[in-house]
Amino acid sequence: MNGKMAPKPSAMFVYTSCHGLFVTHRVVAALGHSPHVPVTSDLCAVTVNYSSLARFSQSCSCSPGDERECISIHVGQAGVQIGNACWELYCLEHGIQPDGQMPSGKVTGGGDDSFNTFFSETGAGKHVPRAVFVDLEPTVVDEVRTGTYRQLFHPEQLVTGKEDAANNYARGHYTIGKEIVDLVLDRIRKLADQCTGLQGFLIFHSFGGGTGSGFTSLLMERLSVDYGKKSKLEFSVYPAPQRECISIHVGQAGVQIGNACWELYCLEHGIQPDGQMPSDKTIGGGDDSFNTFFSETGAGKHVPRAVFVDLEPTVIDEVRTGTYRQLFHPEQLVTGKEDAANNYARGHYTIGKEIIDLVLDRIRKLADLCTGLQGFLIFHSFGGGTGSGFTSLLMERLSVDYGKKSKLEFSVYPAPQA
17 MNGKMAPKPS AMFVYTSCHG LFVTHRVVAA LGHSPHVPVT SDLCAVTVNY
67 SSLARFSQSC SCSPGDEREC ISIHVGQAGV QIGNACWELY CLEHGIQPDG
117 QMPSGKVTGG GDDSFNTFFS ETGAGKHVPR AVFVDLEPTV VDEVRTGTYR
167 QLFHPEQLVT GKEDAANNYA RGHYTIGKEI VDLVLDRIRK LADQCTGLQG
217 FLIFHSFGGG TGSGFTSLLM ERLSVDYGKK SKLEFSVYPA PQRECISIHV
267 GQAGVQIGNA CWELYCLEHG IQPDGQMPSD KTIGGGDDSF NTFFSETGAG
317 KHVPRAVFVD LEPTVIDEVR TGTYRQLFHP EQLVTGKEDA ANNYARGHYT
367 IGKEIIDLVL DRIRKLADLC TGLQGFLIFH SFGGGTGSGF TSLLMERLSV
417 DYGKKSKLEF SVYPAPQA
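Take 17 as the starting number for the sequence shown in the working numbering and just add one per residue.
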């Protein structure tokens with residue numbers, strides 16, 4: 017990146033008023049352009065702490081006028097590089113300039129003050145991210161210090177040590193990490209003191225490396241002591257060899273997200289809406305990473321490794337009749353005849369049970385086409401009967417049939433605008 021802004025992520029970080037926070041799984045493509053990132057780190061996962069979600073639910077009972085700030089903590093090479101790209105996106109989203117200022121003729125966020133959840137405003141009108149960037153060695157954080165958005169951050173928000181953890185968990189947790197953790201907590205405390213109603217923390221890191229794993233573990237322990245009742249949601253990069261992943265889109269939220277995301281994946285890799293590749297184009301610019309998410313037929317058509325499931329057909333019919341309808345095989349689009357009526361029990365115990373075996377059969381067919389199945393990416397919401405109840409049933413059955421495979425959930429959390 018050489019002092020410049022990290023490339024845009026190939027997928028979207030989407031903040032919406034009704035769906036809370038959602039992160040798609042291709043974000044780490046932004047890391048692939050860096051010489052520091054091993055090519056095996058190709059999968060970004062949202063790791064949701066369910067006890068934290070319970071506290072999130074309780075805290076959402078605040079009155080609409082209350083502030084609910086979130087502090088983002090970007091740890092290690094992966095977390096910092098994701099943050100570098102994401103804060104650029106947040107600024108573009110809300111019309112904030114690289115120096116933190118807002119054009120005088122523009123109303124922030126189109127009249128929406130939801131940006132206050134992630135930005136604080138100084139007396140001079142500068143908008144500063146509620147974020148801390150941490151790494152045990154300075155190389156990657158220096159890219160933020162010298163990048164396009166260097167003026168967006170206060171220098172105290174960029175915390176570095178002098179010696180990295182050398183991909184060693186113990187060094188990140190017990191030795192090198194311990195030397196810097198108090199400083200990091202002090203910087204976090206300063207941000208927390210500026211909040212009138214701190215909602216919680218969003219921690220971005222990887223499961224690999226010494227800082228992302230070891231130091232994050234230490235930091236989470238200390239945060240649990242100092243901010244025991246605050247939510248702590250982790251967004252984690254999962255390092256893995258490039259192998260096949262099957263995406264499962266469940267319910268209205270999961271299907272609509274999938275509908276948008278597969279369009280994005282096709283645009284990213286130059287695949288046409290009918291699954292074909294222009295004859296004069298090299299797939300993915302010579303990159304065969306698309307094989308993780310697409311299978312190729314004998315006729316040269318690229319088919320998503322995906323299943324769309326809903327207990328009633330309305331939303332999936334939008335896929336069946338949409339621009340990318342030829343991209344999918346009809347067996348990948350599974351619907352029932354009656355929805356769960358926003359009832360967990362109907363999705364899990366009654367209506368859902370009627371369709372679960374068919375869904376598993378379709379998943380099994382996709383799995384049989386994989387030479388090295390890495391795992392499953394499940395897109396759903398915590399609300400509704402299908403997204404909650406049926407997904408719970410599906411996860412139980414997947415755990416039985418594919419016990420040793422990764423199962424990463426990308427969940428839409430229904431919440432008031434925060």
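C-beta: ideal position from N, C-alpha, C; glycine also.
What you are looking at is a predicted structure, and each value in this text was computed from that prediction instead of being measured.
Alpha helix (DSSP H) segment containing C277, residue limits: Along the sequence shown, one-based indexing puts residue 277 at 261. For C277, the enclosing alpha helix (DSSP H) stretches over residues 267-285.
For E250 and E104, the rounded distance between their alpha carbons: As a working note, residue 104 is residue 88 in the sequence shown. As a working note, residue 250 is residue 234 in the sequence shown. C-alpha separation (whole angstroms): 20 Å.
Of the listed residues G188, I264, H170, H143, nearest to A322 (C-alpha basis): For the purposes of this step, residue 322 is identified with residue 306 of the sequence shown, where counting begins at 1. Ranking the options by Cα distance to A322, first place goes to I264.
Per DSSP, the bridge partner or partners of H221: Residue mapping note: residue 221 aligns to position 205 of the sequence shown, counting from 1. According to DSSP, H221 bridges with S252.
3-residue-minimum beta strand (DSSP E) runs that sit fully inside the segment 133-189, ordered along the chain: 135-137, 143-145, 147-151, 174-176
DSSP three-state assignment for K369, whether helix, strand or coil: Here residue 369 refers to the residue found at position 353 of the sequence shown. Helix at K369.
Residue nearest to Q348 in terms of C-alpha spacing, selected from T176, R336, H285: Taking the sequence shown and counting its residues from 1, the one referred to as residue 348 is at position 332. The option with the nearest alpha carbon to Q348 is R336.
Residues of its chain near P154, where Cβ-Cβ distance is below 7 Å and the 5 sequence neighbours each way are ignored: On the sequence shown, position 138 is the one that residue 154 refers to. Hits under 7 Å: T176.
The beta strand (DSSP E) enclosing T351, as first and last residue numbers: Locating residue 351 in the sequence shown gives position 335, counting from the first residue. For T351, the enclosing beta strand (DSSP E) stretches over residues 349-351.
Within 8 Å, strictly: CB atoms of A147 and S88: Stepping through the sequence shown from its first residue, residue 147 is reached at position 131. Stepping through the sequence shown from its first residue, residue 88 is reached at position 72. Yes, the Cβ-Cβ distance between A147 and S88 is below 8 Å.
Q210 versus K246 - alpha carbon distance: Sequence index remark: in the sequence shown, residue 210 carries index 194 (1-based). Sequence index remark: in the sequence shown, residue 246 carries index 230 (1-based). Using only the alpha carbons, I get a separation of about 15 Å.
Buried versus exposed, by CB contacts within 10 Å (16 or more), L313: The count along the sequence shown starts at 1 and reaches residue 313 at position 297. Before going further, note that residue 313 is Thr rather than Leu in the sequence given. With fewer than 16 other Cβ atoms within 10 Å, it is exposed.
F231 and G291 closer than 8 Å at C-beta: The count along the sequence shown starts at 1 and reaches residue 231 at position 215. The count along the sequence shown starts at 1 and reaches residue 291 at position 275. Taking 8 Å as the Cβ cut-off, F231 and G291 do not qualify as a contacting pair.
Residue closest to S229, alpha-carbon to alpha-carbon, out of G92, L376, L414: Start at 1 with the first residue of the sequence shown, and residue 229 comes out as number 213. It is G92.
Residue closest to R238, alpha-carbon to alpha-carbon, out of R205, R166, V157: Indexing the sequence shown from 1 puts residue 238 at position 222. Considering only alpha carbons, the answer is R205.
Straight-line gap, L393 to A140 (C-alpha atoms, nearest Å): In the sequence shown, counting from the first residue as 1, residue 393 sits at position 377. In the sequence shown, counting from the first residue as 1, residue 140 sits at position 124. The straight-line gap from Cα to Cα measures roughly 44 Å.
Residue span of the alpha helix (DSSP H) that contains D333, given as start and end: For the purposes of this step, residue 333 is taken as the residue at position 317 of the sequence shown. It spans 330-336 - the alpha helix (DSSP H) in which D333 sits, taken as one unbroken run.
Extent of the continuous beta strand (DSSP E) run through C86: For this step, residue 86 is matched to residue 70 along the sequence shown. Looking at the DSSP string, the run of the beta strand (DSSP E) that includes C86 is 85-91.
According to DSSP, residues forming a beta bridge with K423: Here residue 423 refers to the residue found at position 407 of the sequence shown. F392, per the DSSP bridge assignment.
Close Cβ partners of E354 (< 8 Å) along its chain, the five nearest in sequence each way excluded: For the purposes of this step, residue 354 is taken as residue 338 along the sequence shown, with counting starting at 1. Result list for E354: L327, E328, I367, in chain order.
Beta carbon of C86 nearer than 8 Å to that of L235: What you label residue 86 is simply residue 70 of the sequence shown in a count that begins at 1. What you label residue 235 is simply residue 219 of the sequence shown in a count that begins at 1. Not a contact, by the Cβ cut-off of 8 Å.
Under the three-state DSSP convention, the category H345 falls into: Locating residue 345 in the sequence shown gives position 329, where the first residue counts as 1. Residue state, collapsed to three classes: coil.
Residue range of the unbroken alpha helix (DSSP H) whose run includes A208: In the sequence shown, counting from the first residue as 1, residue 208 sits at position 192. Here the alpha helix (DSSP H) through A208 covers 192-209.
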